[in-house]
Ligand SMILES: Nc1ncnc2c1ncn2[C@@H]1O[C@H](COP(=O)(O)OP(=O)(O)OP(=O)(O)O)[C@@H](O)[C@H]1O
Ligand SMILES: Nc1ncnc2c1ncn2[C@@H]1O[C@H](COP(=O)(O)OP(=O)(O)OP(=O)(O)O)[C@@H](O)[C@H]1O
Ligand SMILES: [Mg+2]
Ligand SMILES: [Mg+2]
């Protein structure tokens, strides 16, 4: 892999630019929100500025950081378990027809069972604490990861696989060198969704399971009919989801998929570059 | 595309085999269920046979078919909206950097906002009826479809794209002929997850909004602590999810991806074939 | 002039590949482009076809339709050989039935048999894939056709047939062709003009007409011509491998 | 005998491609495989390399390690040219540092320059990709090497260098090579033995030793040999294009 | 010392009594502890999994569990009605709801069942004479009410008090349009509406024995007296557990009809209540009236 100072600088520039461009989308969203606020009133939807002010207030409260950290740990633990198990199981299923037949119904089962049907079991197994929040996240995110890995392995390049075989590469090495780089784009598509889901589901599980964290704060705010605070916490969750995608997943993806941009300099016009 | 009588017969044979093999997975699941039942007792988890008997009883009740149909319509409408809009938006975002920057935060927003934060808005917009169930499904499934389409378009084969350009193909034709067949594998990975999610979410929305359908029946059974009936309805939902995946999506996928198996006859051992 | 390149230059990632290229193609003319591997032949052809926007210079096109054979076959993996050959026609809007007929005819011209037409690209041999790509390009009845080493993977007999076919078709249908080859004999057989690119000098170092009509030259003539070229300075870079290995 | 094919036959989707093939490779020997496009050369080579399980017959291998140059370059798109060339070594477990050194040496042998080594495959020219694939195969110091039209996309000068390099390496390092080519001259220059496949007869129709040591034959000799072959029945299928076009 | 005995309460007014009892001391030398369950699922998991040995539940839920063999027995009744329809001042009584939109949280749960019985007695058909908007939880109902999207909301205490207070802060006058207990009495002729009570699991009952259960009941009766005597202080004691401001809880106590009646003493009222609730669907109480074993004290 190429990695010189110039490359790093270019990457960083691109990254800053993309953050700046991303703000556009967020501002459009804020405008729509403001409009809805004016239509429905503050009881249904407080305006963005009030919400941000409330969020700033909240952030100074003691225990706020701990709550965010607690929820974050649950979301990320759940995500990592789901991403790991899902990708591993999906990979195995992609290689082996028999494994596919065994696992697919189990995954559809995990995917299709409405939460209320298993929440009682989860509560008994994991207690009404963090454990069941993590389990809920895993259940929500695992099938996404599984389906991505499955399809990624199934669509690997058999020609390259044969090449590696001809050079005596064992199954593990072939997986690592030939299938994985291809698989990654499927996995990143899945994981982008999964990490957002993880935050949302962790908060909902905390809220329902009475397990503290941001969800607990949300439950309290709601019980007090403090709608601005509810919105502020919602914004917090969305920001966390955005943050973990853009600060964790996307840089990883950039690094892993840098080869994809190779050879495109001449034929593809990049929107931020000016023709010299 | 090749499609002769022999091909169809082979396809059907494969299909039957895969259904049979799939049953293995389901039976393993049932065994695990029976074990859990014996561990926790009927009040937490009725055994599979009782559940199936209850389901059979339920099926004979008047209004059962109508409820399933109602939920099914909501799930499928929501799924189709989500799959359509998500794929379209993801495709546009995959082609255009500017669109990506505008849409990505919006989609992360849709993905990351906990349901309780927008449920009131949904109630106002769609009423506590089918509309909000469909909206809930759309919100749940759209980001999955979006992320898949985005990644699929981003990883398209630029060489083939250049080829089509050299033959004067316009952007639409290039999308249809070059990008779409590649994109489909990403979309099917996403849609497999999305359709299962659709059923589950439709039922949950009905349950909370008391909007009839299977969710309404589930809500009632749950309030009465009629656990066998809850389980029976759960099994029903899972069967519906399995069914719409295996009877609708997978055949479509098989048909669209048949080219992928081309040229693999010699090098890949197919598990159901015996070396002649 | 159907196609005219004016002072074209290009660089990849800041490294100049070609510079100051002036080149024109007249109707019915076959121009062979030769040069050492990596000297920018493919790049030049992509610029001429409008697939790469050159950093310097301009390309003037005065024709309706062009077609291209890439250095790799670039067949669509999800289409059968038949549909791949018909793909250019599909882009041009030919009705389905009609284009399948044309595809069958063009396939025969490059030696593909009827039952090869239902195969998908991975089921074709390497030569068959290349021939399908050639058939695809010629099927659209282009005014200008770009061919990037179009016959490198086919056997001697078929190659000769396809060379003759190209020369005849160009004469008959009046299209012009820019074709890249590593085989000087091939250039000597069917080109009207020869363009020699240099990697060292990053541009055209020789441009000459070949006597006689293409397709009408006999073996002896071609052999002698290539033998004569071998002694010239302009071809030294192509023919001297040792000079390029450290 | 390093490699022995015994009565090998194969069919794709019920259509027989090759039948009753018997072939053996001795140490240090270069065997050229020629035949019309689509006759099953690639298939036979894949069977010999164990990539395709033949429907009939057996393959006996008595060596440690083989390497292969496919008809397409088959470089890993996510690795640079350097890492691609070193890939075979990586599979063999050579330490990272050491294999990068070997890769650099092998790259020079096929005319790749130092700054080409940091390019990704789409940034290489077609010929460079093919040369990288050759370098990758030779880098592992194989006992048997399979080459499927390895020099089809490189220019005349480099091609000659690489042919000589292969012949010398085979003699020096004692590996044997099975190589497919469409260029009879190439076969006549560097092969010890020639195997001619037929599409019509689905098998070997001729198998002959070529006089003299490979690499030591001069131009004249090669030209005369090819000219002599042209008149023989065994080569008719390869050299006669017209007979195969309807 | 043995680990504390935990009393579980609902996120509603009867938990004030539990909080008081816990603050007061111990039973048979075993200290007391008090926690709130948040959702019926948590409660069911707690009962089925054995982590909740003494828990305040709606009385019909206790009957249902008992009849389904979960072993749960009712110790006493802790409230005789804490449900209100909170709305704008212009609606009075059940018939006053005709033609209005009412937000109802928790479809098929106690509030919904009670309201539907009341509507049936008043000859109002949901969907035709009155519009019921089912929502997922009380806060949503209040949000819709405050935003003027519905005319009334069915709430239990202390949510009803909180809503009225919140409405006052927002300049919106809200009143208890229907006192469901009163309406129930009118509609069914029953003397009371025994809505919720403390239920115990067999394991705990066996461990405590009759004496222990008596002691528990005694503690609750004492707690009731203290709550009645000083609602504000009682509200403060329960505020943290209920996650509501102390004044709200304090104000809610007056309208919560808190009692501490032995189950056997309330048996007649309970059977009447069960009969009325299960008129349409006996499965609501698990198939039929629970037998005498259900009444633990
Ligand atoms: N997309 C690209 N990005 C970066 N460099 C490129 C790209 N395409 C080509 N190059 C470089 O430009 C030079 C010329 O490449 P080109 O493909 O035009 O050569 P060529 O003359 O066609 O060679 P060959 O005969 O081997 O096909 C090479 O050094 C190559 O590495
Ligand atoms: N995977 C496959 N599935 C089906 N048919 C195949 C497959 N591979 C090759 N064939 C068929 O087998 C025959 C021989 O193919 P092969 O690639 O061996 O030819 P070849 O001699 O290498 O030709 P070329 O010189 O064009 O590369 C062809 O008719 C081809 O269509
Ligand atoms: Mg080239
Ligand atoms: Mg071949």
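Residue numbers (this note's numbering), protein chains in the order written: chain A, -8 to 267; chain B, -8 to 267; chain C, 4 to 249; chain D, 4 to 249; chain E, 782 to 1078.
Think of the CB as a built atom: it goes at the ideal place given N, C-alpha and C, for glycine as much as any other residue.
1. Could you give the DSSP three-state label for residue 57 of chain D: helix, strand or coil?
2. Which residues does DSSP pair with residue 192 of chain B in a beta bridge?
3. Any C-beta of chain C sitting closer than 7 angstroms to the C-beta of residue 158 of chain B?
4. Hey, how far is the Cα of residue 99 of chain C from the Cα of residue 109 of chain C?
5. Less than 6 angstroms between the CB of residue 129 of chain C and some heavy atom of ligand 4, yes or no?
6. For a contact defined as C-beta to C-beta under 9 angstroms, what are the partners of residue 115 of chain A on chain B?
7. When DSSP labels each residue in this structure, what does residue 234 of chain D get in the three-state scheme?
8. For chain E, find out if any of its Cβ atoms is closer than 7 angstroms to the Cβ of residue 111 of chain A; answer yes or no.
9. I'd like to check one pair, residue 1005 of chain E with residue 857 of chain E: are the Cβ atoms closer than 7 angstroms?
10. Which residues, taken in chain order from the region 178 to 200 of chain A, show a beta carbon closer than 8 angstroms to some beta carbon of chain E?
11. Just checking: is the beta-carbon of residue 10 of chain A within a distance shorter than 7 angstroms of some beta-carbon in chain B?
12. Could you give the first and the last residue of the continuous alpha helix (DSSP H) run that contains residue 98 of chain B?
13. Could you give the DSSP three-state label for residue 789 of chain E: helix, strand or coil?
14. Can you confirm whether residue 54 of chain C, when its beta carbon is compared against all beta carbons of chain B, has any partner nearer than 7 angstroms?
15. Between residue 243 of chain D and chain A, is there a C-beta pair that is closer than 7 angstroms?
16. If we ignore side chains and look at the alpha-carbon of each, how far apart do residue 833 of chain E and residue 198 of chain A end up?
17. Mind checking residue 16 of chain A: buried by the 16 CB within 10 Å criterion, or exposed?
18. Using the C-alpha atoms, what's the distance from residue 123 of chain D back to residue -8 of chain A?
19. Grab me the residues of residue 44 of chain C's own chain with a C-beta within less than 7 angstroms of its C-beta, minus the 5 sequence neighbours each way, in chain order.
20. Starting from residue 179 of chain C, follow its DSSP beta bridges and name the residues at the other end.
21. Considering only the alpha carbon of each residue, which of C/21, C/48, C/160, C/57 lies closest to residue 238 of chain D?
22. Just confirm the distance between the C-beta atoms of residue 190 of chain B and residue 231 of chain B, as a whole number of angstroms; I'd bet it's less than 8 angstroms.
23. Buried or exposed for residue 96 of chain C, please, with buried defined as at least 16 other CB atoms from any protein chain shown within 10 angstroms of its CB.
24. I want to verify the contact list: residues of chain C whose CB lies under 8 angstroms from the CB of residue 39 of chain D, in sequence order.
25. Quick check on residue 832 of chain E: does DSSP put it in helix, strand or coil?
26. For residue 213 of chain A, decide whether its Cβ has a neighbour in chain E, counting only Cβ atoms nearer than 7 angstroms.
27. Going along the chain, which residues of its own chain have a beta-carbon closer than 8 angstroms to the beta-carbon of residue 123 of chain A, five neighbours each way excluded?
28. Do you know whose CA, among A/225, A/243, A/153, A/242, lies nearest residue 45 of chain A's CA?
29. Below 7 angstroms between beta carbons is the criterion; list the residues of the region 877 to 890 of chain E that meet it against any residue of chain B, in chain order.
30. Can you name, in chain order, every residue of its own chain whose Cβ lies under 6 angstroms from the Cβ of residue 249 of chain B, other than the five neighbours on each side?
31. Indicate the three-state DSSP secondary structure (helix, strand or coil) for residue 815 of chain E in the structure shown.
32. Out of curiosity, what's the CA-to-CA distance linking residue 262 of chain A and residue 88 of chain B?
33. Going by beta carbon distance, what residues of the same chain come within less than 6 angstroms of residue 177 of chain D, once the five residues before and after it are set aside?
34. Going along chain D, which residues have a C-beta under 8 angstroms from residue 150 of chain A?
35. Interface residues of chain A around residue 143 of chain D at Cβ under 9 angstroms?
36. Can you list the residues of chain D that residue 169 of chain A reaches, using a CB-CB cut of under 9 angstroms?
With the structure as the only source:
1. The DSSP-derived three-state label of residue 57 of chain D is coil.
2. In the DSSP output, where bridge partners are listed per residue, residue 192 of chain B has none listed.
3. With 7 angstroms as the cut-off, residue 158 of chain B counts as an interface residue toward chain C.
4. Straight-line Cα distance between these residues: approximately 15 angstroms.
5. Yes - ligand 4 has a heavy atom lying nearer than 6 angstroms to the Cβ of residue 129 of chain C.
6. Within chain B, the residues whose beta carbon sits less than 9 angstroms from that of residue 115 of chain A are 31, 35, listed in sequence order.
7. DSSP places residue 234 of chain D in coil when its eight states are reduced to three.
8. Residue 111 of chain A belongs to the set of residues whose beta carbon lies under 7 angstroms from a beta carbon in chain E.
9. Against a cut-off of 7 angstroms, the Cβ pair of residue 1005 of chain E and residue 857 of chain E comes out as no contact.
10. Within the region 178 to 200 of chain A, the qualifying residues are 199, 200.
11. Not one chain B Cβ lies under 7 angstroms of residue 10 of chain A.
12. 88 to 103 is the span of the alpha helix (DSSP H), which, as asked, contains residue 98 of chain B.
13. Looking at residue 789 of chain E - three-state DSSP - the assignment turns out to be strand.
14. It does: the Cβ of residue 54 of chain C has a partner Cβ on chain B nearer than 7 angstroms.
15. Not one chain A Cβ lies under 7 angstroms of residue 243 of chain D.
16. Residue 833 of chain E and residue 198 of chain A: Cα-Cα distance of roughly 20 angstroms.
17. Residue 16 of chain A comes out buried.
18. Interpretation of residue -8 of chain A is limited by its pLDDT of 43, a score under 50 that renders its predicted location unreliable; no figure is taken from the coordinates.
19. Apart from the 5 residues on each side of it in sequence, residue 44 of chain C sits with its Cβ closer than 7 angstroms to the Cβ of 36, 38, 183, 200 in its chain, given in chain order.
20. Partner(s): C/147.
21. Nearest to residue 238 of chain D by C-alpha distance, out of C/21, C/48, C/160, C/57, is C/160.
22. About 5 angstroms separates the two Cβ atoms, so the contact holds.
23. So residue 96 of chain C counts as exposed.
24. Near residue 39 of chain D (Cβ distances below 8 angstroms), the residues of chain C are 158, 160, 161.
25. For residue 832 of chain E, the secondary structure class from DSSP, reduced to helix, strand or coil, is coil.
26. Interface residue, yes.
27. Sequence-distant Cβ neighbours of residue 123 of chain A in its own chain, meaning closer than 8 angstroms and more than five residues away, are 110, 113, 114, 116, 117, 196, 200, 202.
28. Ranking A/225, A/243, A/153, A/242 by Cα distance to residue 45 of chain A puts A/225 first.
29. Cβ contacts with chain B: 888, 889, 890.
30. There are no such residues.
31. Note: residue 815 of chain E maps to strand in three-state DSSP.
32. Any reading at residue 262 of chain A must be qualified, since the residue scores a pLDDT of 35, below 50, and its modelled position is unreliable; the value itself is stated next. Straight-line spacing of the CA atoms in residue 262 of chain A and residue 88 of chain B works out to 7 angstroms.
33. Here the set comprises 30, 31.
34. Within chain D, the residues whose beta carbon sits less than 8 angstroms from that of residue 150 of chain A are 73, 75, 77, listed in sequence order.
35. For residue 143 of chain D, the C-beta contacts it makes with chain A under 9 angstroms involve 158, 159, in order along the chain.
36. The answer, in chain order, is 79.
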